[in-house]
Amino acid sequence: MKERRPVSARSPAQALFRRLIVINGLVFTVGTLVLAVSPATVSAPVLLTEIPVLTIGLALMLSANAVLLRRSLAPLVALTALMQRVDLLRSRDRLAESGNGDLTDVVATFNAMLDRLEAERSTAAAHALAAQEGERQRIARELHDEIGQSLTVVLLGLKRAVDLAPEELREELHNIQETVRGSLDEVRQVARRLRPGMLEDLGLIASLNALAADFGEMSDAHVTRRLESHLPELGEEAELVVYRIAQEGLTNVARHARATKVELSLCRQPDGVVLKIADNGRGGPMTEGTGVRGMRERALLIGARLTITSPPGGGTTVRLAIPVRPERN
Numbered sequence: 005m006k007e008r009r010p011v012s013a014r015s016p017a018q019a020l021f022r023r024l025i026v027i028n029g030l031v032f033t034v035g036t037l038v039l040a041v042s043p044a045t046v047s048a049p050v051l052l053t054e055i056p057v058l059t060i061g062l063a064l065m066l067s068a069n070a071v072l073l074r075r076s077l078a079p080l081v082a083l084t085a086l087m088q089r090v091d092l093l094r095s096r097d098r099l100a101e102s103g104n105g106d107l108t109d110v111v112a113t114f115n116a117m118l119d120r121l122e123a124e125r126s127t128a129a130a131h132a133l134a135a136q137e138g139e140r141q142r143i144a145r146e147l148h149d150e151i152g153q154s155l156t157v158v159l160l161g162l163k164r165a166v167d168l169a170p171e172e173l174r175e176e177l178h179n180i181q182e183t184v185r186g187s188l189d190e191v192r193q194v195a196r197r198l199r200p201g202m203l204e205d206l207g208l209i210a211s212l213n214a215l216a217a218d219f220g221e222m223s224d225a226h227v228t229r230r231l232e233s234h235l236p237e238l239g240e241e242a243e244l245v246v247y248r249i250a251q252e253g254l255t256n257v258a259r260h261a262r263a264t265k266v267e268l269s270l271c272r273q274p275d276g277v278v279l280k281i282a283d284n285g286r287g288g289p290m291t292e293g294t295g296v297r298g299m300r301e302r303a304l305l306i307g308a309r310l311t312i313t314s315p316p317g318g319g320t321t322v323r324l325a326i327p328v329r330p331e332r333n
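In this note's numbering, the protein residues as written are 5 to 333.
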């Protein structure tokens, strides 16, 4: 656990005010001492030959004051830049708290605020995603148990109708029967995508293989799979995150990439277990919609690092690095 810094008796505003007074006082004191011990004198009224000496002295004092103030206030520039770029879905973007003088308390307070906001967002996202998974499972059960069974009953009725119908109606009834059978298959596929029962029954690798097979059926792109079977234990939550991000990544390829080749890989690398979805599509600048932000929220839940690169004309690569605990001997 990170040690909390003791709260300063002075407020940051008071500390900054004191520092400015000290800097300015120091500069003017040094200037006065230099003027007192130097052979330079100032007449009354001021002579023209003394004006350059006064000008140079004033310039030196202002320059010294500017340099000291600039160094003292430098953390404010970095803090402003962090405020402008901070994104709670890209965590651990912090300022160093050492060497910032009286502004250290301001930096430490801002870093603590980011820690608190990230923790609160992570908790809220976990509840929202859990509710989403529960709703998906409910819809999947209703599709499978109610609509699926109803369509099965219709198929049985149509089969009986085909057997009893006159010859001139059989072909038309047979076409209707095939349409209903196709609808039943689609309902089952939707239910399977909503609730990855295979993930619980057969594991992550089998589920990713099935996901790639489904993608290959509904897309013209050729899918290359590189899925290592012997991987460290990730846990149920992390496996579900990997599956959902792979699902969303392949869906985005089918919708937007115009790709002919897709690589789906899950393997062990130095920075953990890495999931990668890479295509040879059009690439280019991306607008992060709800799908991509959902992927980032899921990655944040398990402490994983999600990166998406999409150079123009170079395809898109989604990379999820899941940290794993060192294996015990």
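Where is the CB? At the ideal position from N, CA and C, for every residue including glycine. Computed from a predicted model, the values in this text were never measured in an experiment.
Three-state class that DSSP yields for residue i in the structure shown
i, result
"V194", "helix"
"I306", "coil"
"A325", "strand"
"R262", "coil"
"T320", "coil"
"T113", "helix"
"T84", "helix"
"G298", "helix"
"L173", "helix"
"R89", "helix"
"R98", "coil"
"H178", "helix"
Length of the line joining the Cα atoms of residue i and residue j
i, j, result
"T4", "H131", "In the structure as shown, the chain starts at 5 and stops at 333, and residue 4 therefore has no counterpart that could be examined."
"R300", "D149", "33 Å"
"E243", "Q141", "16 Å"
"S12", "A116", "Only weak support exists for where S12 lies, its pLDDT of 48 falling under 50; the value from the coordinates is given anyway. Distance between the alpha carbons of S12 and A116 is about 15 Å."
"R286", "L304", "28 Å"
"G253", "P289", "16 Å"
"I143", "A85", "45 Å"
"N179", "I151", "20 Å"
"V191", "T156", "11 Å"
"E241", "G293", "23 Å"
"T228", "A100", "43 Å"
"P56", "A63", "10 Å"
"T291", "R262", "16 Å"
"N28", "I60", "18 Å"
"T311", "Q136", "24 Å"
"L188", "L121", "45 Å"
"Q251", "E237", "21 Å"
"M87", "Q153", "55 Å"
"G317", "R98", "34 Å"
"A70", "T108", "21 Å"
"M65", "V110", "29 Å"
Pick from the options that is closest to residue i, judged by C-alpha positions
i, options, result
"A112", "E175, L324, P79 and G317", "P79"
"V246", "L159, G220, L208 and R75", "L208"
"E232", "G288, C271 and E137", "C271"
"M202", "V194, A214 and Q88", "A214"
"L235", "L86, Q88, L52 and P327", "P327"
"S67", "L37, P56, V31 and D97", "V31"
"G239", "N256, E204 and S269", "E204"
"A195", "G318, R145, S269 and G220", "R145"
"L212", "L268, T108 and G138", "L268"
"G138", "P200, E237, N256 and V26", "P200"
"L83", "A70, F114 and V71", "F114"
"S126", "R74, G298 and G318", "G298"
Beta carbon of residue i nearer than 9 Å to that of residue j
i, j, result
"T320", "A282", "yes"
"T313", "R323", "yes"
"L118", "V90", "yes"
"I249", "L279", "yes"
"G197", "D218", "Correcting the residue type first, residue 197 is Arg in the shown sequence and not Gly. Yes; because the gap between Cβ atoms is below 9 Å, this pair is in contact."
"A308", "G276", "yes"
"Q181", "L159", "yes"
"L177", "L162", "yes"
"T255", "G220", "no"
"V266", "S223", "yes"
"A325", "Q273", "yes"
9 Å Cβ cutoff, residue i in contact with chain B
i, result
"E243", "In the displayed structure, chain B is absent; only one protein chain is listed."
Residues that residue i bridges to, as DSSP identifies them
i, result
"E267", "T228 and A282"
"V277", "R272 and I326"
"T291", "In the DSSP output, where bridge partners are listed per residue, T291 has none listed."
"T311", "R323"
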